[in-house]
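Asks: In the working numbering, the protein residues as written are 49 to 132. Glycine included, C-beta positions come from ideal geometry on N, C-alpha and C. On a predicted model such as this, the values are computed, not experimentally measured, just so you know.
1. How would you write the range of the beta strand (DSSP E) that residue 99 sits in, first residue to last?
2. Closer than 6 Å by C-beta to residue 124: which residues in its own chain qualify, once you throw out the five before and the five after it? Chain order, please.
3. For residue 183 and residue 77, I'd like the C-alpha separation in whole angstroms.
4. For a quick check, are the C-beta atoms of residue 105 and residue 84 less than 9 Å apart?
5. Taking buried to mean at least 16 other C-beta atoms within 10 Å of its own C-beta, is residue 136 buried or exposed?
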């Protein structure tokens, strides 16, 4: 699935899939003024970025993110705030 194929509802639950090399390339780079890419790993240890980062990218060096494959977002479990 590609960015242009997403419905409004799917934009809330899908993310862009990165290779490790692409993740390394995006670290510390801006996608819009005062906004920086923030690749994270999902439950399956895939490197991903948000649809928002993809859609709002105006940096000419990274417009390729708009063509990333999309996958459903599966977050890692959040650890409890306090260990007893």
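Replies: Here's the rundown:
1. Translated into the one-based positions of the chain shown, residue 99 becomes position 51. No beta strand (DSSP E) contains residue 99, which is instead part of the alpha helix (DSSP H) from 99-103.
2. Within the chain shown, the letter at position 76 stands for residue 124. So the qualifying residues of the chain are 91.
3. Given a span of 49 to 132 for the chain in the structure shown, any question on residue 183 remains unanswerable.
4. If you number the chain shown from 1, residue 105 lands on position 57. If you number the chain shown from 1, residue 84 lands on position 36. Not a contact, by the Cβ cut-off of 9 Å.
5. Because residue 136 is not part of the residues shown, which for the chain are 49 to 132, the question remains open.
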